[in-house]
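Going left to right, the sequence shown walks through residues 206 to 634 as my numbering numbers them. Built from N, CA and C at the ideal position, the CB exists for glycine as well. The structure under discussion appears below in the form of structure tokens.
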Amino acid sequence: FGSSVPRRAYPPRRPLPRRIHGGERAPAAAAMTDMQKGLGRSPTFLVGTDTQRHNLDNLHRREQHLAEQYQKNKPLCYTAGAYQLTHPLKAAEGHIDADVTCVSPMLVGVADGVSQIADYGIDPSELPKELLKACEELAMTQLMPENMKMPQGLYRGPIPLMREAYESTEAMGSTTALLAVLDNSTVIHGKLHPMIAVLSIGDCEILVLRNTGAQLEAVFHTEMQRIEGNAQCPLQICRIDEAIDPDFDERMPLEVIERGSAVHCLSAYEGDIVVMGSDGVFDNMFLDEIVDICNEFLARPYGAKFVPTEQALLSEVARRIVEACHAKTRPDAFGRWPDAPIGKGGKRDDTCCVVAEVCEWTKARSDAWARVRRQRRWRYLLSCGGNFEEDDENPDESVRGSPRRESRRGACSSQNSDSDDERTACCVS
Numbered sequence: 206f207g208s209s210v211p212r213r214a215y216p217p218r219r220p221l222p223r224r225i226h227g228g229e230r231a232p233a234a235a236a237m238t239d240m241q242k243g244l245g246r247s248p249t250f251l252v253g254t255d256t257q258r259h260n261l262d263n264l265h266r267r268e269q270h271l272a273e274q275y276q277k278n279k280p281l282c283y284t285a286g287a288y289q290l291t292h293p294l295k296a297a298e299g300h301i302d303a304d305v306t307c308v309s310p311m312l313v314g315v316a317d318g319v320s321q322i323a324d325y326g327i328d329p330s331e332l333p334k335e336l337l338k339a340c341e342e343l344a345m346t347q348l349m350p351e352n353m354k355m356p357q358g359l360y361r362g363p364i365p366l367m368r369e370a371y372e373s374t375e376a377m378g379s380t381t382a383l384l385a386v387l388d389n390s391t392v393i394h395g396k397l398h399p400m401i402a403v404l405s406i407g408d409c410e411i412l413v414l415r416n417t418g419a420q421l422e423a424v425f426h427t428e429m430q431r432i433e434g435n436a437q438c439p440l441q442i443c444r445i446d447e448a449i450d451p452d453f454d455e456r457m458p459l460e461v462i463e464r465g466s467a468v469h470c471l472s473a474y475e476g477d478i479v480v481m482g483s484d485g486v487f488d489n490m491f492l493d494e495i496v497d498i499c500n501e502f503l504a505r506p507y508g509a510k511f512v513p514t515e516q517a518l519l520s521e522v523a524r525r526i527v528e529a530c531h532a533k534t535r536p537d538a539f540g541r542w543p544d545a546p547i548g549k550g551g552k553r554d555d556t557c558c559v560v561a562e563v564c565e566w567t568k569a570r571s572d573a574w575a576r577v578r579r580q581r582r583w584r585y586l587l588s589c590g591g592n593f594e595e596d597d598e599n600p601d602e603s604v605r606g607s608p609r610r611e612s613r614r615g616a617c618s619s620q621n622s623d624s625d626d627e628r629t630a631c632c633v634s
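As structure tokens, this is what we get:
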């Protein structure tokens, strides 16, 4: 399965990098701040323009992972739940939780705002919220089948989608981002072959599980994009001014998206489980621990008829993962610190997680989301294109980012080939 994760093979436990590398023009990265002293390994630093540009080619990825299992000729979508929790120590200090999640039928995503940006009087949650909201709106337009038929020619791949989303934002700040796009436009041998297109910028990660026997097993996993491996300096999408970085180049965010993003495409099958989270998840949890939690709730007998999982249960799985992450930062009854990929005692960080299941895009789902789209259009017209408060009862409130301590939510949630009846497996440009 390409470079996917082999059965029960997980990455070695990583030591915590000690050296801080935020670039010459990031003065706050040069000294230990009060927040860093109080929270150990927690802060994420703003990375200077020159440092990011120098590392783009090393972080660039374009990969496809095709599987030839039997596919029914039907479009697929996500049902998803999300959970996020501010670390208690950060909550006590009054720090803003900049983690954001997005769940919708054709796109799930997470973003993690860079906490150091708050030192300059900027809300670190604003850019990730604005960015994921724009991504979700584009996905609704470009990827949602209408009358069970795919829109033609709108979706050109995850990179153009991310670029267009970023260009529609205005907020200042810096953020990492991870998207998993469910693309139903691929046709192989005359049959629909849905694909998941993953775009990663920074140190959020995704893990895809598949029922290949009696239990779910990992079939795909991304790697973090960190500058020289430094846990506090991920690749990031940044919009700041000269007062923060005198060398800031407004073209840099687009370079990061187009040159630095890691893009993977993999075959999607009904019943696949997608787990994605901020660095607070994957710095604290080993992959086998995440798989075990998913199997506790979601495993089903091999060969059994597929029944979609309730959204509430997916949200519960996300909650269990986040709580397990925070538990890594506390000693046990004997004073022993738990092992974590980043080192004993883990990383005290705000943490968000999305757990999604791939299921069939049915007529009932199509009708429900058609109503949502009509409501959005009317709201836009009635507000003259301005902002409005979302109705909590509507499923279109799919982007969540909040300074509040806890939130749980979810939603129902190419180029031509040699043959005229085939398209390439996935658009990765």
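- prompt: Buried or exposed: where does V633 fall if 16 or more other Cβ atoms within 10 Å of its Cβ makes it buried?
  reply: Confidence at V633 is low in this model, with a pLDDT of 47, below 50, so its placement is unreliable and no value can be given for it.
task: Ignore the nearest five residues each way along the sequence and tell me which others in I327's own chain have a CB closer than 6 Å to its CB.
output: M377 and G378
- prompt: Hey, would you say Y325 sits closer than 8 Å to I442, going by beta carbons?
  reply: no
field: Bridge partner(s) assigned by DSSP for R444
entry: G378
query: Looking only at DSSP bridge pairs, what is H426 linked to?
result: L412
Segment limits, beta strand (DSSP E) that includes A316: L312 to G318
query: Less than 8 Å separating the beta-carbons of L412 and L503?
result: no
- prompt: How close, in whole Å, do the beta carbons of V662 and V386 come, if the pair is a contact with beta carbons under 8 Å?
  reply: The displayed coordinates of the chain run from 206 to 634. Any statement about residue 662 would go beyond what the structure contains.
Reference P513; option with closest CA among A339, W566 and P399: Comparing alpha carbon positions, the residue from A339, W566 and P399 closest to P513 is W566.
- prompt: Which class does A303 belong to by DSSP, given the choice of helix, strand or coil?
  reply: Coil at A303, not helix or strand.
- request: Please indicate yes or no: does the CB of A448 lie closer than 7 Å to some heavy atom of the ligand SAM?
  value: With respect to the ligand SAM, the structure offers nothing, as it holds no ligand at all.
message: Which runs of the alpha helix (DSSP H) at least 4 residues long sit entirely within the segment 477-525? Give them in chain order.
response: 484-487 and 492-503
query: Under 8 Å between the Cβ atoms of A467 and T417?
result: no
query: Going by the beta-carbon positions, is the gap between I526 and M490 smaller than 8 Å?
result: In this structure, M490 lies closer than 8 Å to I526 by Cβ.
- prompt: Between which two residues does the alpha helix (DSSP H) carrying A339 extend?
  reply: E331 to L348
message: Please report the straight-line C-alpha distance between A234 and L404, rounded to a whole angstrom.
response: Residue confidence is low: A234 scores 36 on pLDDT, short of 50, so the model does not pin down where it sits. No coordinate-derived value is stated.
message: If contact is defined by three or more beta carbon pairs under 8 Å, each pair taking one atom from either stretch, is the segment 382-397 in contact with the segment 445-457?
response: no
- request: Determine which residues share a DSSP beta bridge with T284 and list them.
  value: Beta-bridge pairing links T284 to E562.
field: Length of the line joining the Cα atoms of V424 and G407
entry: 21 Å
- request: Could you tell me whether the Cβ of S520 comes closer than 8 Å to any Cβ of chain D?
  value: Looking at the structure shown, chain D is missing, and only one protein chain is on hand.
query: For the 8 Å Cβ check, are there 3 or more pairs between the segment 337-351 and the segment 286-295?
result: Pairwise C-beta distances place the segment 337-351 out of contact with the segment 286-295, as fewer than three of them are shorter than 8 Å.
task: Count the other C-beta atoms from every protein chain shown that fall within 10 angstroms of the C-beta of R541, then say buried if there are 16 or more, exposed otherwise.
output: exposed
Nearest neighbour of E298, chosen from L440, D555 and I449 [CA to CA]: Residue D555 is the option with its Cα nearest to E298.
- prompt: Which of the three DSSP states, helix, strand or coil, is assigned to L359?
  reply: coil
DSSP-derived helix/strand/coil call for R541: coil
DSSP state of D454 mapped onto helix, strand, coil: coil
- prompt: Using CA coordinates, which residue listed in A448, E375 and Q347 is at the minimum distance from P333?
  reply: E375
message: Please return the same chain residues whose Cβ sits closer than 8 Å to the Cβ of K279, not counting the five positions on each side in sequence.
response: L397, E565 and W566
task: Look at the alpha carbon of H469 and the alpha carbon of I364, and state the distance between them as a whole number of angstroms.
output: 11 Å
message: Here's a check: name, in chain order, each residue in its chain whose Cβ is nearer than 6 Å to the Cβ of A402, leaving out the five neighbours to either side.
response: P363, V386, D388, C470 and C631
query: Which residue from L343, G314 and A419 puts its Cα closest to that of T381?
result: The option with the nearest alpha carbon to T381 is G314.
field: Spatial distance of E331 from Y507 (CA atoms)
entry: 44 Å
- prompt: To which residues of the same chain is R178 closer than 6 Å at the C-beta, ignoring the five residues directly before and after it?
  reply: This structure cannot settle anything about residue 178, because the visible part of the chain is limited to 206 through 634.
field: Distance, G476 Cα to M367 Cα
entry: Each residue's alpha carbon lies about 27 Å from the other.
query: Closest to A529 by CA distance: which of C499, R581 and A448 is it?
result: C499
message: Classify T346: buried if its beta carbon has 16 or more other beta carbons within 10 angstroms, exposed otherwise.
response: exposed
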